[in-house]
Amino acid sequence: MKVFKFGGASVRDAESVRNMASIVRSHADTPLVVVISAMGKTTNALEKLLATTMAEEDTTEVLKEIREYHTNIIQNLDLTGDEALARDIDESFEALQNQLSKFSSSLGYDFIYDQTVSQGEILSTKIVAAYLNQQGISTHWLDARKVIKTDLTHRAARVDWGASQSIIRSHVNQLIEDGIVLSQGFIGSNAKFDTTTLGREGSDFSAAIFATSVGAESVTIWKDVPGILNADPKQFSDTTKYDQLPYKEAAEMTYYGASVIHPKTIKPLAQKDIPLYVKSFENPEAPGTLINDCLIPNLKPAIIRKDRQTVISFKISDFSFINENHIQAIFEHINRQNLVINLMQNSAISFTICIDDNPDKREKLRLALLDDFLIYYNEGLELITVKNYDQDTIDELMKERRIIIEQRSRNNFQMVCRPI
Ligand code: ASP
Numbered sequence: 008m009k010v011f012k013f014g015g016a017s018v019r020d021a022e023s024v025r026n027m028a029s030i031v032r033s034h035a036d037t038p039l040v041v042v043i044s045a046m047g048k049t050t051n052a053l054e055k056l057l058a059t060t061m062a063e064e065d066t067t068e069v070l071k072e073i074r075e076y077h078t079n080i081i082q083n084l085d086l087t088g089d090e091a092l093a094r095d096i097d098e099s100f101e102a103l104q105n106q107l108s109k110f111s112s113s114l115g116y117d118f119i120y121d122q123t124v125s126q127g128e129i130l131s132t133k134i135v136a137a138y139l140n141q142q143g144i145s146t147h148w149l150d151a152r153k154v155i156k157t158d159l160t161h162r163a164a165r166v167d168w169g170a171s172q173s174i175i176r177s178h179v180n181q182l183i184e185d186g187i188v189l190s191q192g193f194i195g196s197n198a199k200f201d202t203t204t205l206g207r208e209g210s211d212f213s214a215a216i217f218a219t220s221v222g223a224e225s226v227t228i229w230k231d232v233p234g235i236l237n238a239d240p241k242q243f244s245d246t247t248k249y250d251q252l253p254y255k256e257a258a259e260m261t262y263y264g265a266s267v268i269h270p271k272t273i274k275p276l277a278q279k280d281i282p283l284y285v286k287s288f289e290n291p292e293a294p295g296t297l298i299n300d301c302l303i304p305n306l307k308p309a310i311i312r313k314d315r316q317t318v319i320s321f322k323i324s325d326f327s328f329i330n331e332n333h334i335q336a337i338f339e340h341i342n343r344q345n346l347v348i349n350l351m352q353n354s355a356i357s358f359t360i361c362i363d364d365n366p367d368k369r370e371k372l373r374l375a376l377l378d379d380f381l382i383y384y385n386e387g388l389e390l391i392t393v394k395n396y397d398q399d400t401i402d403e404l405m406k407e408r409r410i411i412i413e414q415r416s417r418n419n420f421q422m423v424c425r426p427i
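Using our numbering, the first residue of the sequence shown is number 8, and each one after it goes up by one.
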């Protein structure tokens, strides 16, 4: 059995859905579990719908846009006559409106977020399943909310692996007998049967959950890039594709901010030794990148750039030196604010951290520690990480930047800087 994951870009319009179907058809000889995200930028549109509701503004226009976008795809796929699909789409929009009307209740934003934004995946998979069946590719729609069980957290739910794996296994094994099993990425449900989501871009992770549950022979993530590149082509020219990467290398790249795969995807696959392919849906015959248990000497340096970074320095003002107690106090407040440190550094009299820009939390942190330290900060910076660096790459990157912090270990080079 293989698991395929198609993201929003690969089902963004009727032509993309046709292309996706042709990829699936060409693998019809293998039992397939297909995981799909919301179409195009639907998740962003649903977030906008929530923001409009919260602002107590009229949602008619935003809702209409979301509906028209999907209806257009249905028309262009010649699915207008499919009554069951029409009912499903109506149901989805009713569920959406029903949840939005509860906004003022005590249920909380994150709860409502999951109940509404998840409809993007429901709409998308209903349409794609109907299209595949219309094309004679026998497809079973599986509700991920029935099989992926999570804790009670909303918007970043943690997976209950034991429960999910056995439920997925029994459902998929039964359905796969006579066709493709098609399910949603990103969504699951908790013990109260409320919908939960796994975090933005979480569909890759869903594919890994399905794959480990059924012991898949591989996972393929179909994307609009030829594979994993050594830098984001939108930020750097002259990028190269990796033909193969070790799990560890790929996982670390996601840790430092490479956005090509969701950070939680690699670990479960590596634990079960399931190879992960990242391939282009525009050029499906091309080999893409294979991530597996391998050793590759002299990997080309990977450049990962994160913008919107803040550097905060905590300085001692009384001529004593930074010690463990100071650092402990700083960490306590960092934890309290739920902040993630992207880089840190200490000197005799100061401790410095680099975090994602977040003026609100930065201010809370500053106020909490104001009595003990002199606190300085800089916002709007960039953090560049070079894995497996060489001096030429670093020299080139340093040319156009003013460096604020620089660190290097045997394999990694990092700098926080301001573009000149
Ligand atoms: N649709 C969700 C998002 O846009 C999940 C995903 O695409 O992975 O974040």
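Every residue gets a Cβ at the ideal spot worked out from N, C-alpha and C, and that includes glycine.
Which residue comes first and which comes last in the alpha helix (DSSP H) that contains residue i?
| i | result |
| --- | --- |
| G169 | W168 to L182 |
| I144 | Careful: I144 lies outside any alpha helix (DSSP H) and carries neither H nor E. |
| D121 | Y116 to V124 |
| S213 | S210 to V221 |
| K230 | No alpha helix (DSSP H) contains K230, which is instead part of the beta strand (DSSP E) from S225 to K230. |
| T59 | T49 to M61 |
| N290 | No alpha helix (DSSP H) contains N290, which DSSP labels as neither H nor E. |
Per DSSP, residue i is paired with what?
| i | result |
| --- | --- |
| R425 | R409 |
| R343 | Beta-bridge pairing links R343 to no other residue. |
| Q191 | I43 |
| K156 | S196 |
| C361 | V318 and L350 |
| Q414 | Q421 |
| I298 | L252 and L283 |
| T204 | I194 |
| L236 | K248 |
In its own chain, which residues sit with a C-beta less than 6 Å from the C-beta of residue i, not counting the 5 before and 5 after it?
| i | result |
| --- | --- |
| A375 | H340 |
| A163 | G206 |
| K371 | Q344 |
| L107 | T60 |
| G192 | V42, S44, S210 and S213 |
| E208 | H269 |
| H147 | L182, G186 and V188 |
| E386 | T317 and D364 |
| D314 | E389 |
| L130 | H77 and S99 |
| V232 | none |
| P291 | I30 |
Going by beta carbon distance, what residues of the same chain come within less than 8 Å of residue i, once the five residues before and after it are set aside?
| i | result |
| --- | --- |
| L149 | H178, V179, L182, V188, L189 and S190 |
| V347 | I362 and D363 |
Over what stretch of residues does the beta strand (DSSP E) that includes residue i continue unbroken?
| i | result |
| --- | --- |
| Y383 | L381 to K394 |
| I310 | A309 to K322 |
| M351 | I348 to N353 |
| F11 | K9 to F13 |
| K286 | L283 to S287 |
| L252 | Q251 to P253 |
Is the closest heavy atom of ligand 1 to the C-beta of residue i under 7 Å?
| i | result |
| --- | --- |
| G127 | yes |
| G264 | no |
| A45 | yes |
| F193 | yes |
| R162 | no |
| R207 | yes |
| S210 | yes |
| T50 | yes |
| G15 | yes |
Going by beta carbon distance, what residues of the same chain come within less than 7 Å of residue i, once the five residues before and after it are set aside?
| i | result |
| --- | --- |
| F321 | I337, S357, F358, L376, F380 and I382 |
| R74 | F100 |
| P308 | N237, V393, K394, N395, Y396, D397 and T400 |
| E6 | Given that the chain is displayed from residue 8 to residue 427, the structure contains no residue 6 and the question cannot be resolved. |
| A35 | I144 |
Around the C-beta of residue i, are 16 or more other C-beta atoms found within 10 angstroms, so that it is buried, or is it exposed?
| i | result |
| --- | --- |
| S327 | exposed |
| W229 | buried |
| K279 | exposed |
| S17 | buried |
| P38 | buried |
| E128 | buried |
| P270 | buried |
| D97 | exposed |
| C301 | exposed |
| Q335 | exposed |
| S416 | exposed |
| K109 | exposed |
| I427 | exposed |
| G222 | exposed |
| P282 | buried |
| R369 | buried |
| K286 | buried |
| L53 | buried |
Is the Cβ of residue i closer than 8 Å to any Cβ of chain C?
| i | result |
| --- | --- |
| D378 | This model lacks chain C altogether; it includes just one protein chain. |
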